[in-house]
Amino acid sequence: MKKGEIYTGIVERVDFPNKGILFVDGEKVTVKHVLPGQTVEFAVTKQRKGKYEGRLLSVVLRSEAEYEKPRCPHAGVCGGCSYQSLPYEEQLKLKESQVRALLDGVCGGYEFEGIKGSPLTEGYRNKMEFSFGDAQKDGPLELGMHKRGSFYDVVTVDKCCLVHPDCCRILSETLSLFREHGTGFYKKLSHVGYLRHLLVRRGVKTGEILVDLVTTTQTEGISALGWNEAELLEEWKKRLLELPLDGTFAGILHTKNDSLADVVKNDGTETLYGQDFFYEELLGLKFKITPFSFFQTNSLGAEVLYSTAREYIGDTSGQRVFDLYSGTGTIAQILAPVAEHVTGVEIVEEAVEAAKENAALNGLSNCDFIAGDVLKVLDTLEERPDLIVLDPPRDGIHPKALPKIMDYGVERIVYVSCKPTSLVRDLAVLMDGGYVVEKICLVDMFPGTGHVETVVLLTQK
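Residue numbers (the numbering used here): 2 to 462.
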């Protein structure tokens, strides 16, 4: 087997994260974006120390578990989803097998409570960031997701299965307007152009919609076409407000971003209509969400996730709880009504301010939120917790923070993880420090994709 050569093989299994394992001529090859049982054609792209990696060229034969035709018309081209061609029950089985394989490599004897599915498998996302671009060099304007494996090419996803149809209608109308006016998009190589992203957020419970058009300050191209920016944005707002939608607009915004990085960044936001926030509800609590607030993207799935975490946490009456990596304070606020006091620690200052505001909105006075790195903040806290909740970002917990967490000697730790590989690394350290994994449950927050959440209960030996 040589680099650059093309081979065909059957996918034996798919390991997390999205790594298909094949054996060809006795050699193990890893190929991404495949499913178990598929016969695929691939090109060898990397060969090192007997390990091979390949790039998928085509699916020669589908697996028996797949649909004959994926439900989403953009599947296979759009880079957003990996599992759209699998029935939902098969997706859950695959995710469960992937995570259990990782968990069983570091711990045993725990109670596994299976995987809980998302209440919605389509239209479940309350937030999407769409990119402006083209599908091929100098092609017509597109608005949607990046093509699979491409940093530059964009495919319009006007029938995306992950969002409410309202979001697709907003996308289509926005694209139509800017195509009609010949408005150019921001080109990453030359750093020239106007249109960058369209951010759409929609409350699943409330139906409130917040739309934010993200552009550069380069308006020369608009002026050359005989328009000014204010007129163009006014027409965009007017056309959105005339759309027949199931939900209602809370706000229509325009954000300027001249950063070279291809991320949605706020260099100043103007409110064109309404307000710059909307409300969503979780487990009877109300949350105020701005365009750039962190909030779980699957509202109904988040209720399943946090209900599971609350069940694992158990009785908190009269107890002091640390919610480490607390984000916008969702878990802290769910626990506050039944705990003596909850302290949340989060490094993102905007998230901490949102947590404080939402706690006040919900009439909660027994929770505090501290802005700072968990690693450093733990050295400054005088109070000691009775139990700890961990909900870190994808990279998991800083290795120097884990000993400080274990030094509290709490009887129970509940770990909520969005990346199983980081989780098993941290669990190994916690178990070496005297904790036992009691039970584990998976929660699928992202149907159609390879991502899954894991909730773990650890107790002192």
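Where a beta carbon is used, it is the ideal one built from N, C-alpha and C, also for glycine. Note that the structure is predicted; figures quoted are calculated from it, not measured.
Check: The region 386 to 393 in contact with the region 315 to 327 per 3-pair CB rule at 8 angstroms; Outcome: yes
Check: Buried/exposed call for Ser59, threshold 16 Cβ in 10 Å; Outcome: exposed
Check: Ranges of the alpha helix (DSSP H) found wholly within the region 214 to 286, counting only runs of at least 4; Outcome: 221 to 225, 230 to 242
Check: Asp316 to Glu412 span [Cα, whole Å]; Outcome: 12 angstroms
Check: Ranges of the beta strand (DSSP E) found wholly within the region 377 to 422, counting only runs of at least 3; Outcome: 388 to 391, 413 to 418
Check: Contacts around Thr381, its chain only, beta-carbon distance under 6 angstroms, and the 5 residues preceding and following it disregarded; Outcome: none
Check: Ile171: first and last residue of the uninterrupted beta strand (DSSP E) it sits in; Outcome: Counting along the chain, Ile171 falls outside any beta strand (DSSP E), though it belongs to the alpha helix (DSSP H) covering 166 to 181.
Check: Stretch-stretch touch, CB-based, cutoff 8 angstroms, three pairs: the region 102 to 110 with the region 175 to 190; Outcome: no
Check: The region 8 to 21 in contact with the region 40 to 58 per 3-pair CB rule at 8 angstroms; Outcome: yes
Check: Asn359 (DSSP reduced to helix, strand or coil); Outcome: helix
Check: Euclidean distance between Cα positions of Gly147 and Gly435; Outcome: Looking at the sequence shown, residue 147 is not Gly but His. Roughly 45 angstroms between the two C-alpha positions.
Check: Own chain partners of Asn359 with C-beta closer than 7 angstroms, once the 5 adjacent residues on each side are dropped; Outcome: Phe288, Lys289, Thr329, Gly330, Gln334
Check: Range of the contiguous alpha helix (DSSP H) that encloses Ile7; Outcome: That residue, Ile7, is in no alpha helix (DSSP H); its beta strand (DSSP E) goes 7 to 16.
Check: Within 9 angstroms, strictly: CB atoms of Val156 and His255; Outcome: no
Check: Distance CB(Leu246)-CB(Arg170) smaller than 9 angstroms; Outcome: yes
Check: Host alpha helix (DSSP H) of Ser119 (start-end); Outcome: Segment: none, Ser119 is in no alpha helix (DSSP H) and carries neither H nor E.
Check: Buried versus exposed, by CB contacts within 10 Å (16 or more), His192; Outcome: exposed
Check: Proximity below 9 angstroms, CB of Ala361 to CB of Phe295; Outcome: no
Check: Glu65 - DSSP class collapsed to helix/strand/coil; Outcome: coil
Check: Val453 and Val100 closer than 9 angstroms at C-beta; Outcome: yes
Check: Residue burial classification, Glu235 (beta-carbon count within 10 angstroms, cutoff 16); Outcome: exposed
Check: Rounded separation between Ser367 and Gly110 - CA only; Outcome: Looking at the sequence shown, residue 367 is not Ser but Asn. The straight-line gap from Cα to Cα measures roughly 37 angstroms.
Check: Whole-number beta carbon distance between Leu95 and Val15, since they are thought to touch under 8 angstroms; Outcome: 7 angstroms
Check: The alpha helix (DSSP H) enclosing Ala76, as first and last residue numbers; Outcome: Premise fails: Ala76 is in no alpha helix (DSSP H) and is neither H nor E.
Check: Neighbour-count burial assignment, Pro120, 16 or more Cβ in a 10 Å radius; Outcome: exposed
Check: Cβ distance (whole Å) where Leu144 is taken to contact Leu199 below 8 angstroms; Outcome: 6 angstroms
Check: Supposed contact pair Gly194 and Gly185 - C-beta distance, whole angstroms, cut 8 angstroms; Outcome: 5 angstroms
Check: Residues bridged to Val455 (per DSSP); Outcome: In the sequence as displayed, the identity of residue 455 is Thr instead of Val. In DSSP, Thr455 forms a bridge with Ser418, Leu443.
Check: Residue of Glu384, Tyr416, Glu282, Pro292 minimising C-alpha distance to Ser327; Outcome: Tyr416
Check: Cβ-Cβ separation, Thr309 to Cys442 (assumed contact under 8 angstroms), whole Å; Outcome: 5 angstroms
Check: Sequence-distant residues of the same chain with beta carbon closer than 6 angstroms to Val305, five excluded per side; Outcome: Lys117, Val444
Check: Residue from Pro338, Leu190, Cys161, Phe131 with nearest C-alpha to Lys138; Outcome: Leu190
Check: Contact under 9 angstroms by Cβ, Val215 with Val158; Outcome: no
Check: Per DSSP, the bridge partner or partners of Asn299; Outcome: Arg126
Check: Gln1, DSSP secondary structure in three states; Outcome: A query on residue 1 cannot be resolved here, the shown segment of the chain reaching from 2 to 462 and no further.
Check: Whether Asp259 touches Asp268 by CB criterion (9 angstroms); Outcome: yes
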